[in-house]
Structure formats: structure tokens, C-alpha cells
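K.L.:
Per the numbering used here, the very first residue in the sequence shown carries number 3; after that it's consecutive. Please read through the structure below; I'll follow up with questions.
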Amino acid sequence: MSGLDLPDPVVRHDVGPPVDTEALAAALTERVDGEVRFDAGSRAAYSTDASNFRQTPIGVVVPRTVDAAVEAVAVAREHGAPVLSRGGGTSLAG
Ligand SMILES: Cc1cc2nc3c(=O)[nH]c(=O)nc-3n(C[C@H](O)[C@H](O)[C@H](O)COP(=O)(O)OP(=O)(O)OC[C@H]3O[C@@H](n4cnc5c(N)ncnc54)[C@H](O)[C@@H]3O)c2cc1C
């Protein structure tokens, strides 16, 4: 512990095998009613909100319906890909 008595940082351990992004993109494109974007420009655009934090996503999915969102999460789970929901991207918390 540091002199300021701060808690030790939480270090993420390995969370499993790397995601096969090509297979993930192909499955999402085939099964999800919506936009599936794995290009660098879209990933850069969705790498931040209104804060200074930057985290480049594996890919971006814009589902057209609730069912499409459910299917996108199912595909991500099958491929071991983490999912982060996004609204207007105006959060200041990163
Ligand atoms: C200029 C400015 C002024 C602001 N003023 C205020 C203010 O007065 N009061 C205030 O409270 N906030 C304020 N904010 C912060 C921000 O607008 C709010 O936090 C807002 O609620 C974020 O909504 P969003 O849709 O943009 O969320 P995003 O930034 O897209 O996401 C924010 C969080 O919500 C999660 N999330 C988004 N959509 C979903 C979903 N459908 N299901 C599950 N989780 C989801 C995301 O994963 C993320 O963790 C301000 C921001 C800016 C840039």
C-alpha cells in the first residue's frame, strides 16, 4: 500500500484467448440486422466519449431492433468478445 493509504490497483488477469475478429465480424454481419463496422475509422470514432479516455473497440455494431441487439450479444458471447453498450457517447466518465 502507498503512503497515501490508497487501495492497490485492480489488475486484470488474462481473460481468455484472443477474439478471432474476422470470424466475429463475419458472424455478426450474417446474423445481425444492423450495421457491422470493423473498419479503422469507425473503431476510432467509437474509441471515446466526451471524456479524455480512449479505448479502441474490437468492432462496432449498430443494431436496428431490440432483437438484433440481443442477437449481437449472443454472437459476441459465442466468440468470447466483450460488449459495451453505447448511447449518445456524451459520458464524461470514459
Ligand atoms: C457538455 C456535457 C454536459 C453534461 N451535463 C450533464 C449533466 O448535467 N448531468 C449529467 O448527469 N450528465 C451530464 N453529462 C454527462 C452525460 O451526458 C450523461 O452521463 C449522459 O447520461 C450519458 O448518456 P449517453 O447516452 O451519451 O451515454 P454514453 O456516453 O453512450 O454511455 C454512458 C454509459 O452508459 C452505458 N450505456 C449507454 N447506453 C446503454 C444501454 N442502452 N444499456 C446499458 N448501458 C448503456 C455505457 O456503456 C456507458 O457506460 C454531460 C456531458 C457533456 C458532454
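No residue lacks a Cβ here, since even glycine has one placed at the ideal position from N, Cα and C. Given the structure is predicted, the values throughout are model-derived calculations rather than measurements.
Could you check whether the segment 64-73 touches the segment 29-40, counting it as contact only if at least three pairs of C-beta atoms, one from each stretch, sit closer than 8 Å?
P.N.:
Here the segment 64-73 makes contact with the segment 29-40; the two share three or more CB pairs at distances below 8 Å.
K.L.:
Contact defined as beta carbons within less than 8 Å: I believe R79 pairs with P59. What is the distance between those atoms, to the nearest angstrom?
P.N.:
For the purposes of this step, residue 79 is taken as residue 77 along the sequence shown, with counting starting at 1. For the purposes of this step, residue 59 is taken as residue 57 along the sequence shown, with counting starting at 1. Actually they are not in contact, since the Cβ atoms of R79 and P59 sit about 16 Å apart, beyond 8 Å.
K.L.:
Does at least one heavy atom of ligand 1 sit under 6 Å from the Cβ of G96?
P.N.:
Here residue 96 refers to the residue found at position 94 when the sequence shown is read from its first residue. No; taking the cut-off as 6 Å, the Cβ of G96 has no heavy atom of ligand 1 nearer than that.
K.L.:
Could you give the distance in angstroms between the alpha-carbon of A27 and the alpha-carbon of P9?
P.N.:
The sequence position of residue 27 within the sequence shown is 25, counting from 1. The sequence position of residue 9 within the sequence shown is 7, counting from 1. Whole-angstrom Cα-Cα distance: 39 Å.
K.L.:
With DSSP run on the structure shown, which of helix, strand or coil describes V62?
P.N.:
As a first step, residue 62 is located in the sequence shown; it is residue number 60 there, counting from the start. Reduced to three states, the DSSP call for V62 is strand.
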